[in-house]
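Single-structure report; data block below.
Protein chains: 2
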Amino acid sequence: MDIKKELKDKQSFVEDVLKKYTIKEGKPKSIFESFNYSLFVGGKRIRPILLMESCKCVGGDTNEALPLMAAMEMIHTYSLIHDDLPCMDDDELRRGKPTNHTVYGEATALLAGDSLLNLAYETMLKGAKSSKDINRYVEAMNVIADSAGVKGMIAGQVMDMESEGKEPDGETLDFIHDNKTGAILRASVISGAVVGGATDDELKNLSEYARAIGLMFQVVDDILDVVSDEETLGKKVGMDSERNKMTYPYVYGLERSYEKVDELLNISLNSLSDFGSEADFLRELALYLAKRKN
Amino acid sequence: MDIKKELKDKQSFVEDVLKKYTIKEGKPKSIFESFNYSLFVGGKRIRPILLMESCKCVGGDTNEALPLMAAMEMIHTYSLIHDDLPCMDDDELRRGKPTNHTVYGEATALLAGDSLLNLAYETMLKGAKSSKDINRYVEAMNVIADSAGVKGMIAGQVMDMESEGKEPDGETLDFIHDNKTGAILRASVISGAVVGGATDDELKNLSEYARAIGLMFQVVDDILDVVSDEETLGKKVGMDSERNKMTYPYVYGLERSYEKVDELLNISLNSLSDFGSEADFLRELALYLAKRKN
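See below:
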């Protein structure tokens, strides 16, 4: 499998899904321009791709998953817009482009984030109304909602913020990783499996996969902030250490971080051993995410 | 009917509903303290009360409506927290108490707002899962979601912001009123009716009621900013004119504003003429909201 080509095709498929479910125009113009700017500024689209592939993997109908996929990327994008705001990380560059508030101003960026979070639910609810199994659909939405909230992503963001400048602490690091990035990556895989009608065993295995690659994704992120350069990464590097962020290299060093990536890669591959070729893409994706350079 | 006593009882009932559905504690402490601070700092609880009464009015089971009521107040509170932020209205006082960012700082306040918006959906989705009629429930959620988003409340907020300092303009004023406050007030009534199993006629009449009192509520708000004082209102007065906000008195003058309130009160009462005593509270509430002093 040419994973780079596969990924590119799937990314372009996700772009089309997002175009279908976003609201392109409305009044006042500025807010629609602003949130669509961030939604279409690029990105790996890993979350919707995970959701779709997890749904496929259990023999589900991926048409059912489309609104969930769009919603997941909207939630991810809203979190980035708010994370970049001056009162948060105050970043000017994201995915190689100016951040939302740099282009549209703080107030509009704040509301663009709010718009995307709400639009995620508007989109999923319309998906639920037209779905073949509304109970299953609501269950998948519930997985996503819980992951994005104060017991998931937001808890991780707050802890990340509050741990800046603190002494290295493995427990805090685990909490941040589990929640800040891990929660919605896991939810992508699990909601895809739920809407696809996974059996309990399939759900258990995919949850294990999700947990491993969610954490792996973040450890790689932490490593790249140390070893990459701005052009490759599309954002400033060295920011974590400048802010004394609680990262894997900060707590355990770079060598142990690389080992951790390998361990997590093995766990993610092992968790898929009950699946056949239908899980090939998820396997290749784990490998790719372990080795990624940006 | 002693409307003040009735309202007080219902407000206290809503407090209990909120206590039931909020997440009181978690890690990190700060974020749970922050969003619960704003959720329980007071407020008229008009939106959940409208939702409950509308549900009752069509003979619905109000137990079904409880998670929707909590969610509606969470959405309202999130919008206030974000509205008060320095990059928006930069308000220090709300409901007579320091605003969220004044107490917890900007970053936490931003995330407290995000938490509440997401928690609204977490709460409703759990309501949907245990509801007696999930299709009806999802429909009610859909009404709420659409009203809170970029085609509703957020569009109104942006227009409100962008119209500051502009010449009086009735069309812009209507847009702001319809969306900024009107949208979620209307959605409260309509979602209550939907989850209560309203007939088409009941829904039509209640929608008319909702439209009239939603607009009336905002015109009264505009008037109070001109004629009230800080102690009565629990926030600074005269801020709209200081910011050259597009308000009803600014566009049409104070006398015409009072007339408009009377017109809307009549429309709201007429729209309930097909209902019997089950709509008495909604009638009294319209009267009360027309005459309110804060």
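The listed protein sequences correspond, in order, to chains R and H. For the first sequence, the numbering used here assigns the number 178 to the initial residue and increments by one for each residue that follows. For the second sequence, the numbering used here assigns the number 178 to the initial residue and increments by one for each residue that follows. Note that CB positions come from ideal geometry on N, CA and C, so glycine has one too.
> Assuming S445/R and A389/R make a contact with CB atoms under 8 Å, what is their CB distance in whole Å?
Replying inline: For a cut-off of 8 Å, the C-beta gap from S445/R to A389/R is around 4 Å, short enough to register as a contact.
> Are the beta-carbon atoms of Y255/H and G290/H separated by less than 7 Å?
Replying inline: Yes.
> Taking Cβ positions only, does L383/R come closer than 7 Å to chain H?
Replying inline: Closer than 7 Å: no.
>> In the DSSP assignment, the alpha helix (DSSP H) including S472/R goes from what residue to what residue?
In response: Chain R is shown only over 178 to 471; residue 472/R falls outside these bounds and no answer can be derived.
>> Give me the residue from K468/R, L464/R, E455/R and K470/R with the minimum Cα distance to M229/R.
In response: Residue E455/R holds the alpha-carbon nearest to the alpha-carbon of M229/R among K468/R, L464/R, E455/R and K470/R.
>> Going by C-alpha to C-alpha distance, which of S292/R, R271/R, P345/R and V280/R sits closest to G430/R?
In response: Nearest option by C-alpha distance: P345/R.
>> Any beta carbon of chain R sitting closer than 7 Å to that of V335/H?
In response: With 7 Å as the cut-off, V335/H counts as an interface residue toward chain R.
> Which chain R residues are close to H259/H, counting only those with a beta carbon under 7 Å from its beta carbon?
Replying inline: Against chain R, the beta carbon of H259/H has neighbours under 7 Å at L287 and D291, listed in chain order.
>> Give me the subset of the region 260-282 of chain H whose CB atoms are less than 9 Å from a CB atom of chain R, sorted by chain position.
In response: So the list reads L262, P263, C264, M265, H278 and G282, given in the order they occur along the chain.
> Between which two residues does the alpha helix (DSSP H) containing F212/H stretch?
Replying inline: Note, F212/H: alpha helix (DSSP H), K206 to L216.
>> For G333/R, tell me which candidate among E339/R, K357/R, P263/R and L243/R has the shortest Cα-Cα distance.
In response: For G333/R, the closest C-alpha among the options E339/R, K357/R, P263/R and L243/R is that of K357/R.
> Whose C-alpha, out of K381/H, K422/H, A370/H and V396/H, is nearest the C-alpha of L227/H?
Replying inline: Among K381/H, K422/H, A370/H and V396/H, the Cα nearest to that of L227/H is on A370/H.
>> Please identify, using Cβ separations under 7 Å, the residues of the region 323-348 of chain H that lie next to chain R, in order along the chain.
In response: So the list reads D323, A325, G326, V327, K328, I331, A332, Q334, V335, M336, M338 and E339, given in the order they occur along the chain.
>> Using DSSP's beta-bridge definition, name the partner residues of P275/H.
In response: P275/H is bridged by DSSP to L270/H.
> Between the C-alpha atoms of G415/H and Y427/H, what's the straight-line distance to the nearest angstrom?
Replying inline: The C-alpha of Y427/H is placed about 12 Å away from the C-alpha of G415/H.
>> So for L262/R, helix, strand or coil by DSSP?
In response: Judged by DSSP in its simplified three-state form, L262/R adopts coil rather than helix or strand.
>> Counting only C-beta atoms, is A247/R closer than 7 Å to chain H at any point?
In response: So, not an interface residue.
> Are the region 267-283 of chain H and the region 308-322 of chain R touching by the rule of at least three beta carbon pairs closer than 8 Å?
Replying inline: Pairwise C-beta distances place the region 267-283 of chain H out of contact with the region 308-322 of chain R, as fewer than three of them are shorter than 8 Å.
>> Among V194/R, C232/R and P205/R, whose alpha-carbon lies nearest the alpha-carbon of R373/R?
In response: Sequence inspection shows Gly at residue 373/R; the Arg mentioned does not correspond to that position. Looking at the Cα atoms, C232/R is the closest of the given residues.
> Considering only residues of the same chain and omitting the five flanking positions on each side of V280/H, which have a CB-CB separation below 7 Å?
Replying inline: Excluding sequence neighbours, V280/H sits near Y214.
> Alpha carbon to alpha carbon, how far is R222/R from E192/R?
Replying inline: R222/R and E192/R have their C-alpha atoms some 8 Å from each other.
> Helix, strand or coil for N226/H per DSSP?
Replying inline: According to the sequence as given, residue 226/H is Ile; it is not Asn. Note: I226/H maps to helix in three-state DSSP.
> Closest to V335/H by CA distance: which of R224/H, T349/H and K182/H is it?
Replying inline: Closest by alpha carbon: T349/H.
> Residues of chain R with CB under 7 Å from A305/H, in chain order?
Replying inline: Neighbours of A305/H on chain R, chain order: V315.
> Any idea if V266/R is buried or exposed, counting beta-carbon neighbours within 10 angstroms, 16 or more meaning buried?
Replying inline: Here residue 266/R is Asp; the residue named in the question, Val, does not match the sequence. Burial of D266/R is indicated by the presence of at least 16 other C-beta atoms within 10 angstroms of its C-beta.
> Which runs of the alpha helix (DSSP H) spanning at least 4 residues fall entirely within the region 292-368 of chain H, listed in chain order?
Replying inline: Counting whole runs of 4 or more residues, the region 292-368 of chain H contains the alpha helix (DSSP H) stretches 311-325, 330-339 and 347-353.
>> I want to verify the contact list: residues of chain R whose CB lies under 7 Å from the CB of E299/H, in sequence order.
In response: By Cβ distance, chain R contributes A322, D323 and G326.
>> The alpha helix (DSSP H) that contains E202/R, what's its start and end?
In response: Premise fails: E202/R is in no alpha helix (DSSP H) and is neither H nor E.
> Looking at C-alpha atoms only, which residue of H278/R, S292/R, I331/R and L392/R is the closest neighbour of A248/R?
Replying inline: Each of H278/R, S292/R, I331/R and L392/R was checked against the Cα of A248/R, and the nearest Cα belongs to S292/R.
> Any idea if D417/R is buried or exposed, counting beta-carbon neighbours within 10 angstroms, 16 or more meaning buried?
Replying inline: In the assembly as shown, D417/R is a buried residue. Its beta-carbon has 16 or more other beta-carbons within 10 Å.
> With C-beta atoms as the reference, is E299/R less than 7 Å away from G326/H?
Replying inline: Yes, these two residues count as a Cβ contact at 7 Å.
> Are the Cβ atoms of G347/R and N421/R separated by less than 7 Å?
Replying inline: Between G347/R and N421/R, the CB-CB gap reaches or exceeds 7 Å.
> Would a C-beta distance cut-off of 7 Å place G359/R and G391/R closer than the cut-off?
Replying inline: Result yes, Cβ atoms of G359/R and G391/R sit closer than 7 Å.
>> Taking the alpha-carbon of E440/R as reference, which of L464/R, D451/R, G453/R and F458/R has the nearest alpha-carbon?
In response: Cα-wise, what sits closest to E440/R is L464/R.
> Quick one: what's got a C-beta closer than 6 Å to F458/R's C-beta in the same chain, skipping five residues either side?
Replying inline: These residues qualify, in order along the chain: E230.
> DSSP state of T254/R, grouped into three classes?
Replying inline: Note: T254/R maps to helix in three-state DSSP.
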